[in-house]
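As they're listed, the protein sequences go chains A and B.
Residues in the first sequence are numbered consecutively from 1, following UniProt numbering.
Residues in the second sequence are numbered consecutively from 1, following UniProt numbering.
Protein chains: 2
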Amino acid sequence: MLNEAVNLESSPGAEAAPERRVRDRGATERAILAAAKSLLAEEGFQNFGINAVARRAGCDKQLIYRYYGGLDGLVEAIGADLGTWVRDRIPEDAGGMFLLTYGDLMERLALLLLAALKNDPLMRRILAWEVSENTEQVRRLSEARSKALALWLDRMRGSLAPPKGVDAAAVNAVVIAAIQHLVLAGAAGGQCAGLSLKTSKDWEKAATALKRLVRGVYG
Amino acid sequence: MLNEAVNLESSPGAEAAPERRVRDRGATERAILAAAKSLLAEEGFQNFGINAVARRAGCDKQLIYRYYGGLDGLVEAIGADLGTWVRDRIPEDAGGMFLLTYGDLMERLALLLLAALKNDPLMRRILAWEVSENTEQVRRLSEARSKALALWLDRMRGSLAPPKGVDAAAVNAVVIAAIQHLVLAGAAGGQCAGLSLKTSKDWEKAATALKRLVRGVYG
DNA sequence: CCCGCTACTCACCGATTGGTGACAGCGGGG
DNA sequence: CCCCGCTGTCACCAATCGGTGAGTAGCGGG
Numbered sequence: 001m002l003n004e005a006v007n008l009e010s011s012p013g014a015e016a017a018p019e020r021r022v023r024d025r026g027a028t029e030r031a032i033l034a035a036a037k038s039l040l041a042e043e044g045f046q047n048f049g050i051n052a053v054a055r056r057a058g059c060d061k062q063l064i065y066r067y068y069g070g071l072d073g074l075v076e077a078i079g080a081d082l083g084t085w086v087r088d089r090i091p092e093d094a095g096g097m098f099l100l101t102y103g104d105l106m107e108r109l110a111l112l113l114l115a116a117l118k119n120d121p122l123m124r125r126i127l128a129w130e131v132s133e134n135t136e137q138v139r140r141l142s143e144a145r146s147k148a149l150a151l152w153l154d155r156m157r158g159s160l161a162p163p164k165g166v167d168a169a170a171v172n173a174v175v176i177a178a179i180q181h182l183v184l185a186g187a188a189g190g191q192c193a194g195l196s197l198k199t200s201k202d203w204e205k206a207a208t209a210l211k212r213l214v215r216g217v218y219g
Numbered sequence: 001m002l003n004e005a006v007n008l009e010s011s012p013g014a015e016a017a018p019e020r021r022v023r024d025r026g027a028t029e030r031a032i033l034a035a036a037k038s039l040l041a042e043e044g045f046q047n048f049g050i051n052a053v054a055r056r057a058g059c060d061k062q063l064i065y066r067y068y069g070g071l072d073g074l075v076e077a078i079g080a081d082l083g084t085w086v087r088d089r090i091p092e093d094a095g096g097m098f099l100l101t102y103g104d105l106m107e108r109l110a111l112l113l114l115a116a117l118k119n120d121p122l123m124r125r126i127l128a129w130e131v132s133e134n135t136e137q138v139r140r141l142s143e144a145r146s147k148a149l150a151l152w153l154d155r156m157r158g159s160l161a162p163p164k165g166v167d168a169a170a171v172n173a174v175v176i177a178a179i180q181h182l183v184l185a186g187a188a189g190g191q192c193a194g195l196s197l198k199t200s201k202d203w204e205k206a207a208t209a210l211k212r213l214v215r216g217v218y219g
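Pasting the structure below:
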């Protein structure tokens, strides 16, 4: 494992075009944030660190300290960015306009949330982070995500009132918990409690079961 | 965050009584495994490494390489140990002897699983690990846990057959997903989807909602 | 008694981490 | 013009990581 000094970039033929970085703080800040988001989405929170983000952003980590005050500030910025999540995935025909019953609404919401999370690696990674650590960092991020989710649900819910006699908040939380864990387990290991979660056929089964559960309580 | 030394040094006086470790390979192996399990349960998988385990076990990490073939082997040993989980929490009055319907059974199973996971930090950490990483290490551990869970469910189920017309495997997987995520979120952040999960009152709400959902599908 | 096996410890390796201080280059305002 | 401040780069720090090779200490058998 002796590493000879092979990295001499003073090769005579190659004209080293240094590709001078334009001095644009705004662009650099955006590049850092984008790098952080993509890194977190693709690699997960395990190897999410100053060095890795700087490497991906193609700049020096010192700039992260300067512009964001370190990883904490950067994570906060990601959290703030999460607000756009809501805007991005609210269909124009918002909410329960055409939905007659609360059951209709919740079934639709459940399936939409399932699909949305399945296609959002960043959200999934944040979710996994939340249940794995309890640092201040994560807590803030979690709060941002939670707020975004609540806002999304609220926008989609419209003005439909839940039926009496059931603790809708608790039931919905349990349903959401199921959705979130299904998505996490599916993305991570391809299965959950013996149920395979790989093919779209598998997911249809899960979705059907989910529908059944929701319909069971809300009719 | 230097963890306190766990070595059992006595005689705080100047008398250096090094408390010579008895030369007992079996005991050392057991100490290492116990240290690994408690470390994982208490600190989570984030800081779970050779050095940390050796530190907690009060021995040199070299021994972990020798006796377990490194962290991988040690994790495997933890997985094997998970088999005892089933034995330890199967009540003598096993299964659905007194349960008339499949709904009765699943409701009881759901509540039992919820309680069991709530009181098992090691299982929770493994669960969180599973949804956060997809290395070979975790995959093996996941398989062991999955097997243990399946065995437990099987033992508890008895010979009761699920009703026709519902994909019981899928529904149960979704229910288990909900339980697991509730426990994870509760332990990590104290809430899930807006539902607080701190006091026993909170957990009662969640359990009630869970019961409702199960009863909704299985009657 | 000594020898050899085995349990165990120690010292070191290269790599990577988070974090900081010093420096280079450009550009705008006096 | 010169100088100052902002942007970006680099070198370096201590700490920790996983991993290995060499050496020590005790016990049992010849």
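Where is the CB? At the ideal position from N, CA and C, for every residue including glycine.
* With 16 other CB atoms within 10 Å as the buried threshold, where does residue 209 of chain A fall? -> Along the first sequence, one-based indexing puts residue 209 of chain A at 209. Buried, by the Cβ-count rule.
* **Closer than 7 Å at the beta carbon, the chain A residues around residue 167 of chain B** => Against the second sequence, residue 167 of chain B aligns to sequence position 167. Those are 205, 208 and 209, listed as they occur along chain A.
* Asked: Can we say the stretch 177-187 of chain A touches the stretch 69-86 of chain A, given the rule of at least three CB pairs closer than 8 Å?
  -> no
* Taking contact to mean at least 3 C-beta pairs separated by less than 8 Å, is the stretch 161-179 of chain B in contact with the stretch 197-217 of chain A? -> yes
* Beta-carbon separation of residue 61 of chain B and residue 50 of chain B under 8 Å? -> Residue mapping note: residue 61 of chain B aligns to position 61 of the second sequence, counting from 1. Residue mapping note: residue 50 of chain B aligns to position 50 of the second sequence, counting from 1. Yes, they are a contact pair.
* To do: Using beta-carbon positions only, say whether residue 188 of chain B and residue 132 of chain A come within less than 8 Å of one another.
  => Your numbering for residue 188 of chain B matches position 188 in the second sequence. Your numbering for residue 132 of chain A matches position 132 in the first sequence. It is a contact, given that the beta carbons lie within the stated cut-off.
* Asked: Which one or two residues does DSSP pair with residue 192 of chain A in a beta bridge?
  -> For the purposes of this step, residue 192 of chain A is taken as residue 192 along the first sequence, with counting starting at 1. Paired residues: A/195.
* Counting contacts by CB-CB distance shorter than 8 Å, is residue 22 of chain B in contact with chain A? -> As a first step, residue 22 of chain B is located in the second sequence; it is residue number 22 there, counting from the start. No, its Cβ sits nowhere closer than 8 Å to a Cβ of chain A.
* Beta-carbon proximity of residue 106 of chain B to residue 22 of chain B, cut-off 8 Å -> Start at 1 with the first residue of the second sequence, and residue 106 of chain B comes out as number 106. Start at 1 with the first residue of the second sequence, and residue 22 of chain B comes out as number 22. Not closer than 8 Å, so no.
* Determine the contact status of residue 79 of chain A and residue 140 of chain A, defining contact as a CB-CB distance below 8 Å. => Counting from one through the first sequence, the residue named residue 79 of chain A turns up at place 79. Counting from one through the first sequence, the residue named residue 140 of chain A turns up at place 140. Yes, they are a contact pair.
* Look at the Cβ atom of residue 35 of chain A, then the Cβ atom of residue 57 of chain A, and state whether they are nearer than 8 Å. => Reading the first sequence from its first residue, position 35 is the one you call residue 35 of chain A. Reading the first sequence from its first residue, position 57 is the one you call residue 57 of chain A. The answer is yes: Cβ separation under 8 Å.
* Asked: Taking residue 77 of chain A as the reference, which of A/90, A/112, A/145 and A/130 has the closest Cα?
  -> The residue given as residue 77 of chain A occupies position 77 in the first sequence. Ranking A/90, A/112, A/145 and A/130 by Cα distance to residue 77 of chain A puts A/145 first.
* Cβ pair residue 149 of chain B, residue 193 of chain A closer than 8 Å -> Working through the second sequence from its first residue, we reach residue 149 of chain B at position 149. Working through the first sequence from its first residue, we reach residue 193 of chain A at position 193. Cβ atoms of residue 149 of chain B and residue 193 of chain A: closer than 8 Å.
* **Entirely enclosed alpha helix (DSSP H) segments - the stretch 110-185 of chain A, minimum 4 residues** => 121-130 and 136-157
* Where does residue 47 of chain B fall in DSSP's three states? -> Counted from its first residue, the second sequence places residue 47 of chain B at position 47. It is coil, neither helix nor strand.
* To do: Determine whether the Cβ of residue 212 of chain B lies closer than 8 Å to any Cβ atom of chain A.
  => Sequence index remark: in the second sequence, residue 212 of chain B carries index 212 (1-based). Answer yes: the Cβ-Cβ gap between residue 212 of chain B and chain A drops below 8 Å somewhere.
* To do: Closer than 8 Å by beta-carbon distance: list the chain A residues that pair up with residue 176 of chain B, in chain order.
  => If you number the second sequence from 1, residue 176 of chain B lands on position 176. Within chain A, the residues near residue 176 of chain B are 192 and 193.
* **Residue environment, residue 142 of chain A, which counts as buried when at least 16 other CB atoms sit within 10 Å** => Here residue 142 of chain A refers to the residue found at position 142 when the first sequence is read from its first residue. With 16 or more Cβ atoms within 10 Å of its Cβ, residue 142 of chain A is classed as buried.
* Alpha carbon to alpha carbon, how far is residue 231 of chain A from residue 218 of chain B? -> Only positions 1 to 219 of chain A appear in the structure, and residue 231 of chain A is not among them; the question remains open.
* Please classify residue 89 of chain B: does DSSP put it in a helix, a strand, or coil? => By one-based count along the second sequence, residue 89 of chain B stands at place 89. Reduced to three states, the DSSP call for residue 89 of chain B is coil.
* Per DSSP, what kind of secondary structure is residue 208 of chain A in: helix, strand or coil? -> For the purposes of this step, residue 208 of chain A is taken as residue 208 along the first sequence, with counting starting at 1. Residue state, collapsed to three classes: helix.
* Asked: In the stretch 114-137 of chain B, which residues sit with their C-beta less than 7 Å from some C-beta in chain A, listed in chain order?
  -> 128, 130, 131, 132, 133 and 134
* **Where residue 172 of chain A falls, given that 16 or more other Cβ within 10 Å makes a residue buried** => Reading the first sequence from its first residue, position 172 is the one you call residue 172 of chain A. Buried, by the Cβ-count rule.
* Beta-carbon proximity check, residue 216 of chain A vs residue 216 of chain B, cutoff 8 Å -> Here the question's residue 216 of chain A lines up with position 216 in the first sequence. Here the question's residue 216 of chain B lines up with position 216 in the second sequence. Contact flag set, yes.
* In terms of alpha-carbon separation, which member of B/33, B/59 and B/45 lies closest to residue 137 of chain B? -> Locating residue 137 of chain B in the second sequence gives position 137, counting from the first residue. For residue 137 of chain B, the nearest C-alpha among the options comes from B/45.
* **residue 71 of chain A in three-state terms, based on DSSP** => Residue numbering aside, residue 71 of chain A sits at position 71 when the first sequence is read from its first letter. In this structure, residue 71 of chain A counts as helix in the three-state DSSP scheme.
* Asked: Where does residue 105 of chain B sit, in a helix, a strand or coil, going by DSSP?
  -> Counting from 1 along the second sequence, the entry for residue 105 of chain B is found at position 105. Reduced to three states, the DSSP call for residue 105 of chain B is helix.
* To do: Look at the Cβ atom of residue 75 of chain B, then the Cβ atom of residue 151 of chain B, and state whether they are nearer than 8 Å.
  => Your numbering for residue 75 of chain B matches position 75 in the second sequence. Your numbering for residue 151 of chain B matches position 151 in the second sequence. Going by C-beta atoms, residue 75 of chain B is not nearer than 8 Å to residue 151 of chain B.
* Where residue 98 of chain A and residue 160 of chain A are concerned, what is the direct C-alpha to C-alpha distance, given to the nearest angstrom? -> In the first sequence, residue 98 of chain A corresponds to position 98, counting from 1. In the first sequence, residue 160 of chain A corresponds to position 160, counting from 1. Whole-angstrom Cα-Cα distance: 11 Å.
* Asked: Can you name, in chain order, every residue of its own chain whose Cβ lies under 7 Å from the Cβ of residue 162 of chain A, other than the five neighbours on each side?
  -> For the purposes of this step, residue 162 of chain A is identified with residue 162 of the first sequence, where counting begins at 1. Cβ neighbours of residue 162 of chain A beyond the five flanking positions: 102 and 168.
* When B/124, B/196, B/33 and B/202 are compared against residue 59 of chain B, the one with the closest alpha-carbon -> Your numbering for residue 59 of chain B matches position 59 in the second sequence. It is B/33 whose Cα lies nearest to the Cα of residue 59 of chain B.
* To do: Check each candidate in B/212, B/123 and B/115 and name the one with the smallest Cα separation from residue 43 of chain B.
  => Residue mapping note: residue 43 of chain B aligns to position 43 of the second sequence, counting from 1. The residue with the shortest Cα to Cα distance from residue 43 of chain B is B/123.
* List the residues of chain A that residue 171 of chain B touches, going by C-beta distances under 8 Å, in chain order. => Against the second sequence, residue 171 of chain B aligns to sequence position 171. Going along chain A in sequence order, the residues near residue 171 of chain B (Cβ under 8 Å) are 209, 212 and 213.
* Excluding the 5 residues preceding and the 5 following residue 166 of chain A in the sequence, name in chain order all residues of the same chain whose CB lies nearer than 8 Å to its CB. => In the first sequence, counting from the first residue as 1, residue 166 of chain A sits at position 166. Cβ within range, chain order: 217 and 218.
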